[in-house]
Structures are given as C-alpha cells and as structure tokens.
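Student: For reference, the structure I am asking about is given below.
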Amino acid sequence: MVQAYILIQTEVGKSSNVAEVISQITGVVQAEDVTGPYDVIVRAEAETVDDLGKLVVAQIQKVEGITRTLTCPVVHL
Numbered sequence: 001m002v003q004a005y006i007l008i009q010t011e012v013g014k015s016s017n018v019a020e021v022i023s024q025i026t027g028v029v030q031a032e033d034v035t036g037p038y039d040v041i042v043r044a045e046a047e048t049v050d051d052l053g054k055l056v057v058a059q060i061q062k063v064e065g066i067t068r069t070l071t072c073p074v075v076h077l
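Using the UniProt record's numbering, the letters of the sequence shown correspond one by one to residues 1 to 77.
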C-alpha cells in the first residue's frame with residue numbers, strides 16, 4: 001500500500017468545495033481545508049505508485065477549482 005499527502009492550491013474561494021468533492025473520491029482517506037501556501041491537504045492511498053499517480057492525475061487534478069498539486073509520498077524509514 002502506497003500512501004501520500006497531496007498539497008493543493010485552489011482558485012480563491014474554492015477550497016471548501018474542492019475538499020468536499022475530493023473527499024468523495026475512492027482512495028482519498030481525508031481531505032481538509034487549511035491555511036498557508038496550500039488550501040487543501042489530502043491523504044490518499046493506493047495499491048501501487050502507478051495507481052497513486054493515476055488517482056492524482058485522472059481524478060484529483062480534474063476537480064474544478066484546482067490550480068496546482070504537489071504529491072508527497074509517505075516513506076517508512
């Protein structure tokens with residue numbers, strides 16, 4: 001299982017709606033509005049790195065109002 005945090009920047013005033021829509025996507029564990037340089041932080045999981053990439057590119061990045069994403073895979077040292 002691959003887990004990642006996805007940091008999302010949105011258009012002004014869209015963060016709440018973006019978080020709500022993303023929270024309904026399969027593979028998304030949590031999506032929350034935050035303050036700071038990013039507007040929404042998502043915790044997601046997938047079976048493989050490729051599946052995680054597909055989740056981000058094919059589903060999350062297509063949500064209306066998103067301007068940029070940064071995917072940070074979780075590592076276990």
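Glycine residues also receive a C-beta, built at the ideal position from the N, C-alpha and C atoms.
1. How about residue 63 and residue 22: do their beta carbons lie closer than 8 Å?
2. Name, in chain order, the residues that DSSP records as bridge partners for residue 45.
3. To the nearest angstrom, how far is the alpha carbon of residue 83 from that of residue 18?
4. Starting from the Cα of residue 24, find the closest Cα among 71, 59, 68, 4 and give me that residue.
5. Could you tell me the distance, in whole angstroms, from the CA atom of residue 57 to the CA atom of residue 43?
Tutor: This is what the structure gives:
1. Yes, the pair counts as a contact, with Cβ atoms nearer than the cut-off.
2. Bridge partners of residue 45: 3.
3. Outside the displayed range of the chain (1 to 77) lies residue 83, so it cannot be described from this structure.
4. Of the listed residues, the one whose Cα sits closest to residue 24 is 59.
5. If I take the Cα positions, the gap works out to 15 Å.
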